[in-house]
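Trainee: Have a look at the structure that comes next, please.
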Amino acid sequence: MAGFRFRLEPLLRYRRYHRDLCRQRLAEAMREDEDLLNQRRELENEREHLIDELRRMQSEGEVDVDRAAARRYYVGQLLARIVGGEQRRQVVRRKIDQCRHALVQADQAVKVLEKLAEKQRAEFVYQSERREGLAMEDAWSAATRLRESGS
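Residue numbers (the numbering used here): -19 to 131.
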């Protein structure tokens, strides 16, 4: 007798593939968010360093105006880059939310088919055992009839 074959196996494989793609996209988006967060930290550290340097320059008394102006300008540029990075992070966070939602849906689609496959497999086993039992009963009945007719 042939073994169980789930009729929707190709669809199940496709849905698993789709779920794996969703996981991959989520991981990529999370890495992108982590990269943006690291960039922000680096920019903030650099900005704090420049602000401390400006404070030291002012506390020393002699201030090189051009040098201080260049530092202030660069601090402003760093702040603009921080704000721009934060805006990109907001976009990436929305992307992460979308990827999570897509992953949940893909996982549910896989689980539905897996549950159906398991249910059909259990039904197949039940029917196979039932047929075997009936065949054994028929064989036993035939053997009993043969013995009775032979006696």
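No residue lacks a Cβ here, since even glycine has one placed at the ideal position from N, Cα and C.
1) Taking leucine 17 and alanine 97 to be in contact with their CB atoms under 8 angstroms, please state how far apart those CB atoms are, rounded to whole angstroms.
2) Check whether the stretch 18 to 25 and the stretch 33 to 48 touch, using three or more Cβ-Cβ pairs below 8 angstroms as the test.
3) Quick check: the stretch 74 to 85 against the stretch 2 to 18, are at least 3 beta-carbon pairs closer than 8 angstroms?
4) Write down the C-beta distance between leucine 93 and leucine -12 rounded to the nearest angstrom, noting that I regard them as a contact closer than 8 angstroms.
5) Please classify glutamate 42: does DSSP put it in a helix, a strand, or coil?
6) As an exercise, report each continuous alpha helix (DSSP H) stretch of at least 4 residues that is fully enclosed by the stretch 11 to 42, in chain order.
7) Can the beta-carbon of arginine -5 be found less than 7 angstroms from the beta-carbon of alanine 89?
8) Pick out whichever of Ala86, Ala60, Ala115 has its Cα sitting closest to the Cα of arginine -1.
9) Quick one: Cα of arginine -15 to Cα of valine 105, how far?
10) Give the straight-line distance between the Cα atoms of leucine 126 and methionine 116, rounded to the nearest whole angstrom.
11) Which of the three DSSP states, helix, strand or coil, is assigned to glycine 56?
12) Please report how far the alpha carbon of valine 63 lies from the alpha carbon of arginine 52, in whole angstroms.
Mentor: Let me lay it out:
1) If you number the sequence shown from 1, residue 17 lands on position 37. If you number the sequence shown from 1, residue 97 lands on position 117. About 41 angstroms; that fails the 8 angstroms criterion.
2) Two segments are said to touch when three or more pairs of C-beta atoms, one from each, lie closer than 8 angstroms; by this definition the stretch 18 to 25 does not touch the stretch 33 to 48.
3) Yes: the two stretches touch, three or more of their Cβ pairs being nearer than 8 angstroms.
4) Taking the first residue of the sequence shown as position 1, residue 93 is located at position 113. Taking the first residue of the sequence shown as position 1, residue -12 is located at position 8. The Cβ separation is near 6 angstroms, so the contact holds.
5) Position 62 of the sequence shown, counted from the start, is the residue given in the question as residue 42. It is coil, neither helix nor strand.
6) Those alpha helix (DSSP H) runs which fall completely within the stretch 11 to 42 and span 4+ residues do not exist here.
7) Translated into the one-based positions of the sequence shown, residue -5 becomes position 15. Translated into the one-based positions of the sequence shown, residue 89 becomes position 109. Against a cut-off of 7 angstroms, the Cβ pair of alanine 89 and arginine -5 comes out as a contact.
8) For the purposes of this step, residue -1 is taken as the residue at position 19 of the sequence shown. Per the Cα distances, Ala86.
9) Residue -15 sits at position 5 when you count from the first residue of the sequence shown. Residue 105 sits at position 125 when you count from the first residue of the sequence shown. In a straight line, the C-alpha of arginine -15 is about 12 angstroms away from that of valine 105.
10) Within the sequence shown, numbered from 1, the residue matching residue 126 stands at position 146. Within the sequence shown, numbered from 1, the residue matching residue 116 stands at position 136. Distance between the alpha carbons of leucine 126 and methionine 116: 15 angstroms.
11) As a position in the sequence shown, residue 56 is number 76, starting the count at 1. The DSSP-derived three-state label of glycine 56 is helix.
12) Within the sequence shown, numbered from 1, the residue matching residue 63 stands at position 83. Within the sequence shown, numbered from 1, the residue matching residue 52 stands at position 72. It is roughly 17 angstroms from the alpha-carbon of valine 63 to the alpha-carbon of arginine 52.
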